[in-house]
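Q: Numbering (our numbering), first residue to last: 26 to 248.
What follows is the structure in structure tokens.
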């Protein structure tokens, strides 16, 4: 059963049909390992800055030591964005744990990891940071994905009361509370993903022979 991190799942939902199918197939092939996560170290830095209270100058120095120069530069630019965003959103900060949602048929799981929590207008919001250029974030799918998680935090004292994705790309905060009842669409989308996973799984389990290699019918005995 594949488990998607939240950014990976948002990326999957934002893809068109053919690349979405290709991405799912890669996930389901047992011999294929995941690629390098270019943004993972930035996410850890963001968490340390916003939830851990570490200073930006210290984090900038750390990025200078990255072997991948482009990765270090991208991390610094994103941290600078967060510094500016934080100046406009000075609410109290929190740290929230992750939760994992499982589809009804058990075909896949999605893990929501808040990179930080912040109080906005008296509401505690668990925020996941999006930093992927392509494909562009799909707002409807983002709200649908966020709607999977409120019930999983319902019993947590002091837990998040709202959920959001902060896009470093366009500067927008996609708050679940900004839309009405995305759970209906979420249900349809999750069923569609389940069905696609089942279909691709069947294809992998019973691969078709290449064209020209299909067994021919045995010759007919002369009468």
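We treat Cβ as the ideally placed atom computed from N, Cα and C, and that holds for glycine. Fair warning: this is a prediction, and the values are worked out from it, not measured in the lab.
Return the first residue and the last residue of the beta strand (DSSP E) that residue 191 is part of.
A: Here the question's residue 191 lines up with position 166 in the chain shown. 187-192 is the span of the beta strand (DSSP E), which, as asked, contains residue 191.
Q: Which partner residues does residue 134 have in the DSSP bridge list?
A: Counting from 1 along the chain shown, the entry for residue 134 is found at position 109. Answer is 28, 127, bridged to residue 134.
Q: Three or more C-beta pairs under 8 Å: does that hold for the region 161-173 against the region 37-44?
A: Verdict: yes, contact present.
Q: Please state the DSSP three-state secondary structure of residue 212.
A: Translated into positions along the chain shown, residue 212 becomes position 187. Helix at residue 212.
Q: Using the Cα positions of residue 108 and residue 177, report the straight-line distance between them to the nearest angstrom.
A: Along the chain shown, read from residue 1 onward, the residue named residue 108 stands at position 83. Along the chain shown, read from residue 1 onward, the residue named residue 177 stands at position 152. The alpha-carbon atoms of residue 108 and residue 177 are separated by roughly 30 Å.
Q: Taking the continuous beta strand (DSSP E) assigned at residue 153, which residues delimit it?
A: Against the chain shown, residue 153 aligns to sequence position 128. Start and end: 148-155.
Q: Verify the contact flag: residue 84, CB atom, against every heavy atom of the ligand NAP, threshold strictly below 7 Å.
A: Within the structure as shown, the ligand NAP is missing, as the structure has no ligands at all.
Q: Quick check on DSSP: helix, strand or coil for residue 117?
A: Counted from its first residue, the chain shown places residue 117 at position 92. DSSP places residue 117 in coil when its eight states are reduced to three.
Q: Here's the rule: buried if 16 or more other CB atoms are within 10 angstroms of the residue's CB, otherwise exposed. What is residue 92?
A: Stepping through the chain shown from its first residue, residue 92 is reached at position 67. Flag for residue 92 reads exposed.
Q: Would you call residue 143 buried or exposed, if buried means 16 or more other Cβ atoms sit within 10 Å of its Cβ?
A: Taking the first residue of the chain shown as position 1, residue 143 is located at position 118. So residue 143 counts as buried.
Q: Quick one: grab the DSSP three-state call for residue 226.
A: By 1-based counting over the chain shown, the position of residue 226 is 201. In this structure, residue 226 counts as helix in the three-state DSSP scheme.
Q: Measure the C-alpha to C-alpha separation of residue 219 and residue 132 and round it to an integer number of angstroms.
A: Start at 1 with the first residue of the chain shown, and residue 219 comes out as number 194. Start at 1 with the first residue of the chain shown, and residue 132 comes out as number 107. Roughly 6 Å between the two C-alpha positions.
Q: Between residue 248 and the rest of its own chain, which residues show a CB-CB distance below 6 Å, the 5 nearest in sequence each way excluded?
A: The residue you call residue 248 lines up with position 223 of the chain shown. For residue 248, the predicted structure reports a pLDDT of 49, less than 50, and the residue's modelled location is therefore unreliable. A value from the coordinates is still provided. None.
Q: Classify residue 54 as buried or exposed, calling it buried when 16 or more other Cβ atoms lie within 10 Å of its own Cβ.
A: For the purposes of this step, residue 54 is taken as residue 29 along the chain shown, with counting starting at 1. It counts as exposed.
Q: Go to residue 67, then tell me how far its alpha helix (DSSP H) extends in each direction, as first and last residue.
A: For this step, residue 67 is matched to residue 42 along the chain shown. It spans 65-75 - the alpha helix (DSSP H) in which residue 67 sits, taken as one unbroken run.
Q: Please state the DSSP three-state secondary structure of residue 97.
A: What you label residue 97 is simply residue 72 of the chain shown in a count that begins at 1. Residue 97 falls in the helix class under three-state DSSP.
Q: Looking at C-alpha atoms only, which residue of 52, 90, 195, 100 is the closest neighbour of residue 71?
A: Here residue 71 is taken as the residue at index 46 of the chain shown, counted from 1. The shortest C-alpha separation from residue 71 is found at 100.
Q: Would you mind reading off the limits of the alpha helix (DSSP H) that contains residue 85?
A: Sequence index remark: in the chain shown, residue 85 carries index 60 (1-based). Start and end: 81-89.
Q: What do you get for residue 205, buried or exposed, if any count of 16 or more other CB atoms within 10 angstroms of its CB means buried?
A: Position 180 of the chain shown holds residue 205. When all chains shown are included, residue 205 counts as exposed.
Q: Within this structure, are the beta carbons of residue 172 and residue 201 separated by less than 8 Å?
A: Taking the chain shown and counting its residues from 1, the one referred to as residue 172 is at position 147. Taking the chain shown and counting its residues from 1, the one referred to as residue 201 is at position 176. It is a contact, given that the beta carbons lie within the stated cut-off.
Q: Cα-Cα, which of 183, 68, 180, 125 is closest to residue 104?
A: As a position in the chain shown, residue 104 is number 79, starting the count at 1. Considering only alpha carbons, the answer is 68.
Q: Using 8 Å as the cut-off, can you tell me whether the region 182-191 makes contact with the region 147-155, which would need three or more C-beta pairs spanning the two stretches below that distance?
A: Cβ pair count under 8 Å is three or more, so yes.
Q: Taking the continuous beta strand (DSSP E) assigned at residue 144, which residues delimit it?
A: Residue 144 sits at position 119 when you count from the first residue of the chain shown. 141-145 is the span of the beta strand (DSSP E), which, as asked, contains residue 144.
Q: Taking residue 124 and residue 137 to be in contact with their CB atoms under 8 Å, please state how far apart those CB atoms are, rounded to whole angstroms.
A: As a first step, residue 124 is located in the chain shown; it is residue number 99 there, counting from the start. As a first step, residue 137 is located in the chain shown; it is residue number 112 there, counting from the start. About 5 Å separates the two Cβ atoms, so the contact holds.
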